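Notes follow once the structure below has been shown.
There are 2 protein chains.
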Amino acid sequence: MSYLNNPQLSEVKLKVLNSALHLFVEKGYFNTSIPDLVKHSGVSTGSIYHGFKDKQSIAEELMAQLLWQIEGEQNAVLAPEKDAWQQYYDLCRWLLETAQNHPHVSQFALRAQHKEFMPELAPICSSKPFIRLREVLERGMQQGLIREMNPMIAAASAYGGVLRLIQLSLDQMLSQPPLEYLDEITETCWRSVAADTEK
Amino acid sequence: MSYLNNPQLSEVKLKVLNSALHLFVEKGYFNTSIPDLVKHSGVSTGSIYHGFKDKQSIAEELMAQLLWQIEGEQNAVLAPEKDAWQQYYDLCRWLLETAQNHPHVSQFALRAQHKEFMPELAPICSSKPFIRLREVLERGMQQGLIREMNPMIAAASAYGGVLRLIQLSLDQMLSQPPLEYLDEITETCWRSVAADTEK
DNA sequence: GTCTATATCTAGATAGAC
DNA sequence: GTCTATCTAGATATAGAC
Numbered sequence: 001m002s003y004l005n006n007p008q009l010s011e012v013k014l015k016v017l018n019s020a021l022h023l024f025v026e027k028g029y030f031n032t033s034i035p036d037l038v039k040h041s042g043v044s045t046g047s048i049y050h051g052f053k054d055k056q057s058i059a060e061e062l063m064a065q066l067l068w069q070i071e072g073e074q075n076a077v078l079a080p081e082k083d084a085w086q087q088y089y090d091l092c093r094w095l096l097e098t099a100q101n102h103p104h105v106s107q108f109a110l111r112a113q114h115k116e117f118m119p120e121l122a123p124i125c126s127s128k129p130f131i132r133l134r135e136v137l138e139r140g141m142q143q144g145l146i147r148e149m150n151p152m153i154a155a156a157s158a159y160g161g162v163l164r165l166i167q168l169s170l171d172q173m174l175s176q177p178p179l180e181y182l183d184e185i186t187e188t189c190w191r192s193v194a195a196d197t198e199k
Numbered sequence: 200m201s202y203l204n205n206p207q208l209s210e211v212k213l214k215v216l217n218s219a220l221h222l223f224v225e226k227g228y229f230n231t232s233i234p235d236l237v238k239h240s241g242v243s244t245g246s247i248y249h250g251f252k253d254k255q256s257i258a259e260e261l262m263a264q265l266l267w268q269i270e271g272e273q274n275a276v277l278a279p280e281k282d283a284w285q286q287y288y289d290l291c292r293w294l295l296e297t298a299q300n301h302p303h304v305s306q307f308a309l310r311a312q313h314k315e316f317m318p319e320l321a322p323i324c325s326s327k328p329f330i331r332l333r334e335v336l337e338r339g340m341q342q343g344l345i346r347e348m349n350p351m352i353a354a355a356s357a358y359g360g361v362l363r364l365i366q367l368s369l370d371q372m373l374s375q376p377p378l379e380y381l382d383e384i385t386e387t388c389w390r391s392v393a394a395d396t397e398k
């Protein structure tokens with residue numbers, strides 16, 4: 001089952017967007033020509049340009065769809081009654097799951113240099129899903145589970161390790177699939193921001 | 200003073216490489232044309248192609264020069280007599296310094312999707328400087344300053360936060376220049392891998 | 001709405017004078 | 001070694017039949 005499956009979208013648009021996700025990640029946006037998309041998707045040039053204004057708008061619609069789907073999944077993962085540690089753990093599991101089961105999605109959302117082909121798009125780190133990652137840590141500070149500190153530092157430290165691990169995984173630098181490291185990486189990263197429980 | 204200044208290189212090659220660094224980061228490799236390089240460097244098309252085989256080899260030589268220079272600086276930073284914490288701290292200061300004083304260098308080395316325009320280049324995380332980052336942590340484990348754990352996890356956690364902070368800085372998401380966060384981010388990230396000194 | 005055929009343009013790369 | 005002028009290929013995008 002492919003990741004993109006918004007029933008609002010026509011069959012051809014879905015085909016094109018799925019091919020775009022595949023090819024943009026495998027070859028890069030600029031190395032992917034419209035004829036490449038035609039070949040991979042089975043949709044003709046004319047139909048592509050009937051559905052999309054130009055090549056850039058394919059990337060933009062792809063990004064919008066992915067963000068929409070990511071946001072939905074993230075909301076489903078976040079159970080408000082849990083404490084900050086549990087929320088953090090669940091979010092990290094979801095991040096690693098996505099990297100494992102839909103590596104192209106992670107790669108496009110996290111690694112692509114969007115500025116180069118979507119100049120007016122806001123950077124991914126100011127997107128809703130990234131903001132919610134930070135919010136979990138801020139709740140953790142209010143709960144006393146995380147020590148008081150600069151929220152940006154806390155976010156960089158708590159999620160930086162996990163995101164770095166995902167990048168290493170996408171670069172084939174790990175011997176195991178990413179989820180294998182879930183407990184070890186979350187416990188390790190959490191220590192960096194956790195309040196001292198000793199005293 | 201520009202970052203690239205290897206006296207082995209001819210004046211024109213240096214001009215071209217410095218312009219390439221600037222333009223590849225500002226506009227991206229694929230959005231930078233040879234005429235763009237001509238305009239920015241003041242070197243003519245003919246001279247560029249006299250010095251370089253093709254556009255790709257400009258990027259390759261740029262990367263090679265940067266890695267060579269980075270490796271030299273890293274060696275100068277690493278004082279072998281210091282303990283692992285001090286080495287880690289010095290390396291992080293050097294990373295943040297580079298991001299602050301030569302953001303284009305950090306951006307090209309850390310963020311560019313090299314695979315897309317230099318297909319046969321090894322990923323940056325398997326380069327010598329990245330390996331040395333990991334070695335410092337392994338020495339830390341031998342010294343008992345870092346708890347025993349998967350070296351990849353340790354590296355992802357200890358450096359992931361710092362690298363993440365650098366990315367946020369390059370994305371203009373921080374209010375202060377990166378070096379301002381040096382102590383806070385290193386102490387925070389180090390906690391994640393530090394051995395328990397209590398017992 | 002979907003297709004094929006094609007127009008147009010710009011990039012990378014070269015030729016050849018100096 | 002450096003320059004200008006130019007070639008050529010392949011990309012995006014369009015036109016127009018069905």
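Protein chains in written order, with the working numbering: chain C, 1 to 199; chain G, 200 to 398. All residues carry an ideal CB built from backbone N, CA and C; glycine is no exception. Please read all numbers here as calculations on a predicted model, not as lab measurements.
Practice prompt. For Ala-353/G, name the three-state secondary structure that DSSP assigns.
Written response: Numbered from its first residue, the second sequence carries residue 353/G at position 154. Of the three classes helix, strand and coil, the one that applies to Ala-353/G here is helix, per DSSP.
Fill in: Under 8 Å between C-beta atoms of Ile-345/G and Glu-184/C
Stepping through the second sequence from its first residue, residue 345/G is reached at position 146. Stepping through the first sequence from its first residue, residue 184/C is reached at position 184. Taking a C-beta distance under 8 Å as the contact criterion, Ile-345/G and Glu-184/C do not qualify as a contact pair.
Item to complete: With DSSP as the reference, please indicate the residues paired to Ala-393/G in a beta bridge.
Response: Here residue 393/G corresponds to residue number 194 of the second sequence, with the count starting at 1. Note: Ala-393/G sits in a beta bridge opposite Ile-345/G.
Worksheet item: Is it the case that the Cβ atoms of Val-16/C and Ser-41/C are separated by a distance below 8 Å?
Response: Here the question's residue 16/C lines up with position 16 in the first sequence. Here the question's residue 41/C lines up with position 41 in the first sequence. Their beta carbons are under 8 Å apart, which means Val-16/C touches Ser-41/C by this criterion.
Worksheet item: Under the three-state reduction of DSSP, which class applies to Lys-226/G: helix, strand or coil?
Response: For the purposes of this step, residue 226/G is taken as the residue at position 27 of the second sequence. Lys-226/G: coil per DSSP, three-state reduction.
Worksheet item: Would you say Tyr-262/G faces chain C, with C-beta separation under 8 Å as the test?
Response: Taking the first residue of the second sequence as position 1, residue 262/G is located at position 63. The sequence given here places Met at residue 262/G; Tyr does not occur at that position. Chain C contact via Cβ: absent.
Item to complete: Tell me whether Pro-234/G sits in a helix, a strand or coil according to DSSP, three-state version.
Response: One-based indexing of the second sequence puts residue 234/G at position 35. In the structure shown, the three-state DSSP call for Pro-234/G is helix.
Practice prompt. Excluding the 5 residues preceding and the 5 following Pro-377/G in the sequence, name in chain order all residues of the same chain whose CB lies nearer than 7 Å to its CB.
Written response: Here residue 377/G refers to the residue found at position 178 of the second sequence. Around Pro-377/G: Leu-295, Ala-298, Gln-299, Leu-364, Ile-365 and Ser-368.
Worksheet item: Listed from N- to C-terminal order along the chain, which residues in the segment 360-375 of chain G have their beta-carbon within a distance smaller than 7 Å of any beta-carbon of chain C?
Response: Result list: Gly-360, Leu-362, Arg-363, Leu-364, Leu-367, Asp-370, Met-372 and Leu-373.
Practice prompt. Measure the Cβ-Cβ separation of Gly-250/G and Lys-226/G and say whether it is below 8 Å.
Written response: Counted from its first residue, the second sequence places residue 250/G at position 51. Counted from its first residue, the second sequence places residue 226/G at position 27. With contacts defined by Cβ atoms closer than 8 Å, Gly-250/G and Lys-226/G do not form a contacting pair.
Worksheet entry | Stretch pair the segment 250-266 of chain G + the segment 202-211 of chain G: three plus CB contacts closer than 8 Å | In short, these stretches touch, since the Cβ pair count reaches three.
Worksheet item: For the segment 270-304 of chain G, which residues have a beta carbon sitting closer than 8 Å to at least one beta carbon of chain C?
Response: Cβ contacts with chain C: none found.
Discussion item. Please list the terminal residues of the continuous alpha helix (DSSP H) segment that includes Met-317/G.
Written reply: The sequence position of residue 317/G within the second sequence is 118, counting from 1. Met-317/G: not part of any alpha helix (DSSP H); DSSP gives it neither H nor E.
Item to complete: For Ser-33/C, decide whether its Cβ has a neighbour in chain G, counting only Cβ atoms nearer than 8 Å.
Response: Here residue 33/C corresponds to residue number 33 of the first sequence, with the count starting at 1. Not an interface residue.
Discussion item. Going by DSSP, what residue range makes up the alpha helix (DSSP H) through Cys-324/G?
Written reply: Taking the second sequence and counting its residues from 1, the one referred to as residue 324/G is at position 125. That residue, Cys-324/G, is in no alpha helix (DSSP H); it is neither H nor E in DSSP.
Worksheet item: So, helix, strand or coil for Met-340/G, using DSSP?
Response: As a first step, residue 340/G must be located in the second sequence, where it is residue number 141. Of the three classes helix, strand and coil, the one that applies to Met-340/G here is helix, per DSSP.
Fill in: Test: Thr-192/C CB closer than 8 Å to a CB of chain G
The residue labelled residue 192/C in the question sits at position 192 within the first sequence. Note on identity: in this sequence residue 192/C is Ser, with Thr being the wrong assignment. It does: the Cβ of Ser-192/C has a partner Cβ on chain G nearer than 8 Å.
Worksheet entry | Straight-line Cα distance separating Asp-289/G from Lys-199/C | Counting from 1 along the first sequence, the entry for residue 199/C is found at position 199. Counting from 1 along the second sequence, the entry for residue 289/G is found at position 90. Reliability fails at Lys-199/C, whose pLDDT of 47 lies under 50, so the model's placement of it is uncertain and the value that follows must be treated cautiously. Lys-199/C and Asp-289/G have their C-alpha atoms some 31 Å from each other.
Worksheet item: CB Asn-197/G to CB Glu-116/C, shorter than 8 Å?
Response: This structure cannot settle anything about residue 197/G, because the visible part of chain G is limited to 200 through 398.
Worksheet item: By a C-beta neighbour count over all protein chains shown, 10 Å radius and 16 as the cutoff for buried, is Asn-75/C buried or exposed?
Response: In the first sequence, counting from the first residue as 1, residue 75/C sits at position 75. Exposed.
Practice prompt. Pick helix, strand or coil for Gln-305/G, following the three-state DSSP scheme.
Written response: In the second sequence, counting from the first residue as 1, residue 305/G sits at position 106. Looking at the sequence provided, one finds Ser at residue 305/G rather than Gln. In the structure shown, Ser-305/G sits in a helix (DSSP, three-state: H, G or I).
Discussion item. Looking at chain C, is there any beta carbon in it that lies within less than 8 Å of the beta carbon of Ser-325/G?
Written reply: Stepping through the second sequence from its first residue, residue 325/G is reached at position 126. By this cut-off, Ser-325/G is an interface position.
Discussion item. For a contact defined as C-beta to C-beta under 9 Å, what are the partners of Ile-330/G on chain C?
Written reply: Counting from 1 along the second sequence, the entry for residue 330/G is found at position 131. Close partners of Ile-330/G in chain C (Cβ separation under 9 Å) are lacking, with about 11 Å as the shortest Cβ gap.
Discussion item. Can you look up Ala-112/C in the DSSP assignment and give me helix, strand or coil?
Written reply: For the purposes of this step, residue 112/C is taken as the residue at position 112 of the first sequence. Under the three-state reduction of DSSP output, Ala-112/C falls in the coil class, being neither helix nor strand.
Item to complete: Have a look at Val-25/C and Ala-109/C and give me their C-alpha separation to the nearest angstrom.
Response: For this step, residue 25/C is matched to residue 25 along the first sequence. For this step, residue 109/C is matched to residue 109 along the first sequence. Between the alpha carbons of Val-25/C and Ala-109/C lies a gap of roughly 10 Å.
Discussion item. Quick check: is the beta carbon of Asp-183/C nearer than 8 Å to any beta carbon in chain G?
Written reply: One-based indexing of the first sequence puts residue 183/C at position 183. So, not an interface residue.
Worksheet item: Would you call Ser-106/C buried or exposed, if buried means 16 or more other Cβ atoms sit within 10 Å of its Cβ?
Response: Position 106 of the first sequence holds residue 106/C. If you draw a 10 Å sphere on the C-beta of Ser-106/C, you find 16 or more other C-beta atoms in it, and that means buried.
Fill in: Closest by C-alpha distance to Lys-55/C, when choosing among Leu-4/C, Ile-34/C, Leu-66/C and Gly-72/C
On the first sequence, residue 55/C is found 55 positions in, with the first residue counted as 1. Relative to Lys-55/C, the option among Leu-4/C, Ile-34/C, Leu-66/C and Gly-72/C whose CA is nearest is Ile-34/C.
Worksheet item: For the putative contact between Ser-391/G and Ala-357/G, defined by C-beta atoms under 8 Å, what is the C-beta separation to the nearest angstrom?
Response: Stepping through the second sequence from its first residue, residue 391/G is reached at position 192. Stepping through the second sequence from its first residue, residue 357/G is reached at position 158. Going by Cβ atoms, the distance from Ser-391/G to Ala-357/G rounds to 7 Å, so yes, they are a contact pair.
Discussion item. Please identify the residue among Ser-47/C, Ala-20/C and Tyr-49/C whose C-alpha is closest to the C-alpha of Lys-36/C.
Written reply: Along the first sequence, one-based indexing puts residue 36/C at 36. It is worth fixing the name first, because residue 36/C is Asp in this sequence and not Lys. For Asp-36/C, the closest of Ser-47/C, Ala-20/C and Tyr-49/C by C-alpha to C-alpha distance is Ala-20/C.
Worksheet item: Where does Asn-423/G fall in DSSP's three states?
Response: A question about residue 423/G goes unanswered here, because the residues of chain G that appear run from 200 up to 398.
Discussion item. What ranges does the alpha helix (DSSP H) occupy inside the segment 245-281 of chain G, keeping only unbroken runs of at least 4 residues that lie completely in it?
Written reply: Counting only unbroken stretches of 4 or more residues, the alpha helix (DSSP H) elements lying wholly within the segment 245-281 of chain G are 254-276, in sequence order.
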